[in-house]
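Trainee: What follows is a single structure, and I will ask about it in a moment.
Number of protein chains: 2
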Amino acid sequence: MSLKHTILGFLSWKPMTGYELKKFFAETEFIYWSGNNNQIYKTLVELGAEGFVEKVVVQQENYPAKKIYHITGKGLSEVREWAMGRPEPPSARNSFLMQLAWSDGLSEAELLSLIDSYQYEIEMKHVMCKEKLRRKSVYPGRNERERYIWEMLWQNRINAYRCELDWLTALRNGLDKKDGMGGGPK
Amino acid sequence: MSLKHTILGFLSWKPMTGYELKKFFAETEFIYWSGNNNQIYKTLVELGAEGFVEKVVVQQENYPAKKIYHITGKGLSEVREWAMGRPEPPSARNSFLMQLAWSDGLSEAELLSLIDSYQYEIEMKHVMCKEKLRRKSVYPGRNERERYIWEMLWQNRINAYRCELDWLTALRNGLDKKDGMGGGPK
DNA sequence: TTAACCATGTAAAAAGTTACATGATTGT
DNA sequence: ACAATCATGTAACTTTTTACATGGTTAA
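Here the protein sequences line up with chains A and B, keeping their order.
Quick note on this note's numbering: the first sequence kicks off at 1 and runs consecutively.
Quick note on this note's numbering: the second sequence kicks off at 1001 and runs consecutively.
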């Protein structure tokens, strides 16, 4: 699993607590883990045991103490090694496509309503990504190249949603054509 | 989980064995489960217990006996219900994007080589999907609408890979431009 | 002879999700 | 009064992957 490496990546940007990591995970579209407590806090302990990170405990007055994790030299080279490794092909989990695949029992109206709901979801995501790119809330811009890459990461998601919306339009057009051709109502 | 429903969907097309299901799972890009034995055989037993499928055991001469599962009326309405349900937004698991995100430690050459490897993977996938659409090996074309939908399902994947390749071209162009602008070697 | 195909399954581990637990503070 | 933020963690559960187990047949 590369959850470990994703966390190390964030820590290679700047030291942070598990709580902060969790927030970044939630805000970043192209990270697919839910970033729940169980995973993050456990993984941080493991990374510590492996010598990739170290922590500093900071006491606070009105809030609970926080553990700020920072990456070690060993951790940095681990990130480098991982980042150079052979990339896996992406895997998309799209249950809507399965619903479409086995929609034979649905009427024309039910099918169109299903497509509507999906299109709505995608439009939301599309807008959200454009907004996130604009706001640049998670944005480790340490140099020109990194700034450019992070913009392109958001652009990747935006393009994917744009592509999905175009496909939906084509799908709808094709269905209308088939519907219209048959001659008279069913 | 909708693995249950995906299996039911296949069985709503035609009766088949766990072994056949496994092969269809492996051949169909837009199904994301690995479709390993453990999941499929166990799920078939569960579906039987719920009354969604029934099985017929067929003895064979030179091969092990096979259990042919067929869907029940109850199973068919379950598929219908599920297919009409609110679709979830898709979630893409792309570890390459994470590698890019934390590629700050990589040289220009290492970064370009990483992009090359990814592009190669995507090109392979893209070609494979186009070939699968052409061959129509998994293709429950029971009527005009279903045939159209299954073509569009493959088209969805083809478009997604096409989109990814276009993005990669843009990414490369942007990097080249930045590289050229800086003035002189690093 | 080596691998792939046919066809079923089980065991164990890893990964991921949901809910619970604490407890003060700050904003609506 | 209610929800959200800060901040950590644990317990129970579900999902998914990997590997093991059997054993004859067929094609390179």
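Ideal Cβ placement from N, Cα and C applies to all residues, glycine included.
For clarity, every value in this text was computed on a predicted model and none was experimentally measured.
Less than 6 Å between C-beta atoms, sequence neighbours within five positions excluded: which residues of the same chain meet that for residue 22 of chain A?
Mentor: Taking the first residue of the first sequence as position 1, residue 22 of chain A is located at position 22. Cβ neighbours of residue 22 of chain A beyond the five flanking positions: 35 and 40.
Trainee: Could you give the distance in angstroms between the alpha-carbon of residue 183 of chain A and the alpha-carbon of residue 173 of chain A?
Mentor: Here residue 183 of chain A refers to the residue found at position 183 when the first sequence is read from its first residue. Here residue 173 of chain A refers to the residue found at position 173 when the first sequence is read from its first residue. Note on residue 183 of chain A: pLDDT 46, under 50, position unreliable in the model; no value is reported.
Trainee: Are there three or more Cβ pairs, one per stretch, closer than 8 Å when the region 1088-1100 of chain B is compared with the region 150-160 of chain A?
Mentor: Cβ pair count under 8 Å is three or more, so yes.
Trainee: Cβ of residue 1123 of chain B less than 8 Å from any chain A Cβ?
Mentor: Within the second sequence, numbered from 1, the residue matching residue 1123 of chain B stands at position 123. Not closer than 8 Å to any Cβ of chain A, the Cβ of residue 1123 of chain B fails to qualify, so no.
Trainee: Can you give the Cα-Cα distance for residue 7 of chain A and residue 68 of chain A, rounded to whole angstroms?
Mentor: Along the first sequence, one-based indexing puts residue 7 of chain A at 7. Along the first sequence, one-based indexing puts residue 68 of chain A at 68. Spanning the two alpha carbons is a distance of roughly 13 Å.
Trainee: Can you list, in chain order, the residues of its chain whose CB lies under 6 Å from that of residue 1177 of chain B, leaving out five sequence neighbours each side?
Mentor: Here the question's residue 1177 of chain B lines up with position 177 in the second sequence. Excluding positions up to five away in sequence, the list is empty.
Trainee: Assuming residue 1031 of chain B is part of the beta strand (DSSP E), what are its boundary residues?
Mentor: Looking up residue 1031 of chain B in the second sequence gives position 31. Careful: residue 1031 of chain B lies outside any beta strand (DSSP E) and carries neither H nor E.
Trainee: Identify, in the order they occur along the chain, each residue of the same chain with its Cβ nearer than 8 Å to the Cβ of residue 1053 of chain B, setting aside the five sequence neighbours on each side.
Mentor: By one-based count along the second sequence, residue 1053 of chain B stands at place 53. For residue 1053 of chain B, where only same-chain residues beyond five positions count, the Cβ hits under 8 Å are 1008, 1011, 1044, 1047, 1069, 1070, 1071, 1072 and 1075.
Trainee: With a 10 Å radius around its C-beta and 16 neighbouring C-beta atoms as the bar for buried, classify residue 95 of chain A as buried or exposed.
Mentor: Sequence index remark: in the first sequence, residue 95 of chain A carries index 95 (1-based). It is buried - the Cβ of residue 95 of chain A has at least 16 other Cβ atoms within 10 Å.
Trainee: I'd like to check one pair, residue 1115 of chain B with residue 1161 of chain B: are the Cβ atoms closer than 8 Å?
Mentor: Translated into positions along the second sequence, residue 1161 of chain B becomes position 161. Translated into positions along the second sequence, residue 1115 of chain B becomes position 115. No, they are not a contact pair.
Trainee: Which residues, in order along the region 122-149 of chain A, keep a beta-carbon less than 9 Å from a beta-carbon of chain B?
Mentor: Under the 9 Å Cβ criterion, the region 122-149 of chain A contributes 122, 124, 125, 140, 142, 143, 144, 145, 146, 148 and 149.
Trainee: Per DSSP, what kind of secondary structure is residue 1093 of chain B in: helix, strand or coil?
Mentor: Sequence index remark: in the second sequence, residue 1093 of chain B carries index 93 (1-based). Three-state DSSP puts residue 1093 of chain B in a strand.
Trainee: Rounding to the nearest angstrom, what Cα-Cα distance links residue 1060 of chain B and residue 1136 of chain B in this structure?
Mentor: Working through the second sequence from its first residue, we reach residue 1060 of chain B at position 60. Working through the second sequence from its first residue, we reach residue 1136 of chain B at position 136. So the two alpha carbons sit approximately 29 Å from each other.
Trainee: Are the CB atoms of residue 187 of chain A and residue 1156 of chain B nearer to each other than 8 Å?
Mentor: This structure cannot speak to residue 187 of chain A, because chain A is shown only from 1 to 186.
Trainee: What is the rounded straight-line gap between the Cα of residue 1146 of chain B and the Cα of residue 169 of chain A?
Mentor: For the purposes of this step, residue 1146 of chain B is taken as the residue at position 146 of the second sequence. For the purposes of this step, residue 169 of chain A is taken as the residue at position 169 of the first sequence. If you take the alpha carbons of residue 1146 of chain B and residue 169 of chain A, they lie about 17 Å apart.
Trainee: Within 8 Å of any Cβ in chain A, is that where the Cβ of residue 1099 of chain B sits?
Mentor: Stepping through the second sequence from its first residue, residue 1099 of chain B is reached at position 99. It does: the Cβ of residue 1099 of chain B has a partner Cβ on chain A nearer than 8 Å.
Trainee: Run through chain B and tell me which residues come within less than 9 Å of residue 69 of chain A, C-beta to C-beta.
Mentor: Counting from 1 along the first sequence, the entry for residue 69 of chain A is found at position 69. Under the 9 Å cutoff, chain B gives no residues; its nearest Cβ is about 15 Å from residue 69 of chain A.
Trainee: Can you confirm whether residue 39 of chain A, when its beta carbon is compared against all beta carbons of chain B, has any partner nearer than 8 Å?
Mentor: Taking the first residue of the first sequence as 1, we reach residue 39 of chain A at position 39. So, not an interface residue.
Trainee: Would you mind sorting residue 1090 of chain B into buried or exposed? The rule is 16 or more other CB atoms within 10 Å of its CB.
Mentor: To locate residue 1090 of chain B, count along the second sequence from 1; it is residue 90. Buried, because 16 or more other Cβ atoms sit within 10 Å of the Cβ of residue 1090 of chain B.
Trainee: Closer than 8 Å, CB to CB, is residue 59 of chain A near chain B or not?
Mentor: Within the first sequence, residue 59 of chain A is the residue found at index 59, counting from 1. So no, residue 59 of chain A is outside the interface.
Trainee: Which runs of the alpha helix (DSSP H) at least 4 residues long sit entirely within the region 40-117 of chain A? Give them in chain order.
Mentor: Listed in chain order, the complete alpha helix (DSSP H) runs (minimum 4 residues) inside the region 40-117 of chain A are 73-84 and 95-101.
Trainee: Looking at chain A, is there any beta carbon in it that lies within less than 8 Å of the beta carbon of residue 1197 of chain B?
Mentor: Residue numbering for chain B in the displayed model covers 1001 to 1186; residue 1197 of chain B lies beyond these limits and cannot be assessed.
Trainee: Is residue 1023 of chain B close to chain A? Criterion is C-beta to C-beta, closer than 8 Å.
Mentor: For the purposes of this step, residue 1023 of chain B is taken as the residue at position 23 of the second sequence. Judged by the 8 Å Cβ criterion, residue 1023 of chain B is not in contact with chain A.
Trainee: So residue 126 of chain A and residue 165 of chain A are supposed to be a Cβ contact under 8 Å. How far apart are they, rounded?
Mentor: If you number the first sequence from 1, residue 126 of chain A lands on position 126. If you number the first sequence from 1, residue 165 of chain A lands on position 165. The Cβ separation is near 7 Å, so the contact holds.
Trainee: Is the beta carbon of residue 142 of chain A closer than 8 Å to that of residue 1104 of chain B?
Mentor: Counting from one through the second sequence, the residue named residue 1104 of chain B turns up at place 104. Counting from one through the first sequence, the residue named residue 142 of chain A turns up at place 142. Closer than 8 Å, so yes.
Trainee: Under the three-state reduction of DSSP, which class applies to residue 1 of chain A: helix, strand or coil?
Mentor: Translated into positions along the first sequence, residue 1 of chain A becomes position 1. Residue 1 of chain A falls in the coil class under three-state DSSP.
Trainee: Give a yes or no on whether the minimum CB-CB distance between residue 74 of chain A and chain B is below 8 Å.
Mentor: To locate residue 74 of chain A, count along the first sequence from 1; it is residue 74. Output row for residue 74 of chain A: interface = no.
Trainee: Could you compute how far the alpha carbon of residue 133 of chain A sits from the alpha carbon of residue 1113 of chain B?
Mentor: Stepping through the first sequence from its first residue, residue 133 of chain A is reached at position 133. Stepping through the second sequence from its first residue, residue 1113 of chain B is reached at position 113. Near 26 Å, if we compare the C-alpha coordinates of residue 1113 of chain B and residue 133 of chain A.
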